[in-house]
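In what follows, a single structure is set out as structure tokens and then discussed.
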Amino acid sequence: MTARLLEGKLFARMIKDEAKQAAEALKPSLGRMPGLAVVIVGEDPASQVYVRNKERACEELGFFSALIALPKETCKEELLAEIDRLNANRRIDGILVQLPLPRHLAEAEAEIIERIDPRKDVDGFHPVNIGRLVAGERSLVPCTPAGCMKMLALAGIPVEGKRAVIIGRSNIVGKPISHLLLAENATVTICHSRTENLPAIAREADILVAAVGRPNFVTADMVKPGATVIDVGINRIAPKKLVGDVDFEAVREIAGAITPVPGGVGLLTIATLMANTVEAARLQMEGKRERTK
Ligand code: NAD
């Protein structure tokens, strides 16, 4: 039987609608719609497309958006000063520094991310937010993993008690999604480049997440019949051809549900960024109330 297709478009729409409703519910106490600032340094073409899509999503939902485009030779101190200004800007609830940064700033990436006020860190990359996620506390969670979890919930795919296997241990995808699955009571295994017998481990998964960055990495023999397969990978194999990490055509014949690439997880990421912007606004508002009590 062919797997159920988990189309990102449908779930992204639901996540955005929910974010818009939440923003409108917050508006009377906030006095405005939420605001997101995106900082981009240099002219990386892929980053420019992502940034444009983020602005578009803000427009679509009626959020305020500010694009801070800095020249590629911007130094660390200038970028940190810009972040300080955005931290202090009351019109801005969420701050996102588009990665990757130009080479001369790459080494300072951690310092730059750590300069963002954790309550405005809509990417969920600040160590404070990572720590809270690991501790199972309320936090701003990286958008791609949070979007995948939301999709599972909206699709009615059970997580509790299930065996989840994640291939990839990056800070952006693999590690955070493993904590989110654990928080939902899945039994979680993380595989990576040094894992032995990876296909056998993958075959035990009820939920298999591929975040490797290699086309056709997950083949049909690595998938348990009926499993849910989430393909986070985005690999450009020709100028106009994107594929995921999963051998889609073969695996869809075995899996119970599968996300396509393109048209799957990628669309959830920006939708979840909108949800995170609302959550950031809420966190700051609640923080202010606490201080005036
Ligand atoms: P990364 O390069 O930081 O991490 C890749 C991980 O794969 C590493 O942890 C590594 O241990 C593991 N790996 C590499 N080779 C392996 C092997 N042979 N066997 C087992 N594991 C292996 O990548 P990332 O940032 O986590 O991204 C992964 C993929 O997801 C990329 O294709 C990226 O473009 C994509 N991505 C998509 C979205 C989205 O919005 N859909 C967001 C972020 C990343």
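Here the sequence shown is numbered in our numbering, starting from 25 and rising by one per residue.
Every residue gets a Cβ at the ideal spot worked out from N, C-alpha and C, and that includes glycine.
beta-carbon residue i near ligand 1 non-hydrogen atom, thresh 8 Å
i: Ser194; result: yes
i: Asn259; result: yes
i: Asp68; result: no
i: Val289; result: yes
i: His216; result: yes
i: Asp147; result: no
i: Leu204; result: no
i: Val73; result: no
i: Arg238; result: yes
i: Asp271; result: no
i: Leu125; result: no
i: Leu222; result: yes
i: Phe241; result: yes
i: Ile191; result: yes
i: Leu292; result: yes
i: Ala90; result: no
i: Gly198; result: yes
i: Val62; result: no
Neighbourhood of residue i by C-beta, 6 Å cutoff - its chain only, sequence neighbours within 5 removed
i: Ala90; result: Ala61
i: Pro239; result: Asn259, Ile261 and Val267
i: Ala207; result: Gly160
i: Phe241; result: Asp269
i: Ile191; result: Cys215, Ala234 and Val236
i: Asp145; result: Asn153 and Leu164
i: Ser202; result: Ile190, Val212 and Ile214
i: Gly86; result: Met57
i: Leu204; result: Pro169 and Met173
Bridge-paired residues (DSSP) for residue i
i: Val212; result: Ala188
i: Ile254; result: Val233
i: Leu103; result: Its beta-bridge partners do not exist; DSSP assigns none.
i: Asp145; result: Ile119
i: Ala88; result: Going by the sequence as given, residue 88 is Phe instead of Ala. Looking at the DSSP assignment, Phe88 forms a beta bridge with Gly59.
i: Arg28; result: Ala281
i: Ala93; result: Ile64
i: Val242; result: Val270
Cα-Cα separation between residue i and residue j, rounded to whole angstroms
i: Met298; j: Pro95; result: 26 Å
i: Cys99; j: Leu129; result: 7 Å
i: Lys33; j: Val152; result: 31 Å
i: Lys186; j: Leu232; result: 11 Å
i: Leu164; j: Ile116; result: 16 Å
i: Ala188; j: Glu101; result: 42 Å
i: Val289; j: Gly171; result: 7 Å
i: Thr26; j: Gly257; result: 21 Å
i: Val275; j: Tyr74; result: 29 Å
i: Ala46; j: Arg139; result: 27 Å
i: Ala279; j: Arg109; result: 48 Å
i: Asn77; j: Pro223; result: 36 Å
i: Gly118; j: Gly148; result: 10 Å
i: Asp230; j: Thr283; result: 14 Å
i: Ala244; j: Gly66; result: 41 Å
i: Val338; j: Thr301; result: No answer is possible for residue 338: the residues shown for the chain start at 25 and end at 317.
Contact test: residue i Cβ vs ligand 2 heavy atom, cutoff 8 Å
i: Gly160; result: With respect to ligand 2, the structure shown offers nothing to examine, as its ligands consist of ligand 1.
Chain C within 9 Å of residue i, Cβ atoms only
i: Lys199; result: Here there is only one protein chain, and chain C is not present.
Residues near residue i in its chain [Cβ-Cβ closer than 7 Å; skip 5 each side]
i: Met38; result: Leu178
i: Leu54; result: Ala305 and Met309
i: Ser71; result: Ile64 and Gln122
Cβ neighbours of residue i in the same chain (closer than 8 Å, five flanking residues each side left out)
i: Glu83; result: Ser89
i: Leu291; result: Gly32, Lys33, Phe35 and Ala36
i: Leu120; result: Leu60, Ala61, Val62, Val63, Lys78, Val146, Asp147 and Leu297
i: Asn209; result: Val183, Glu184 and Gly185
Which full runs of the beta strand (DSSP E) of 3+ residues lie inside the segment 255-316, going along the chain? 259-262 and 265-267
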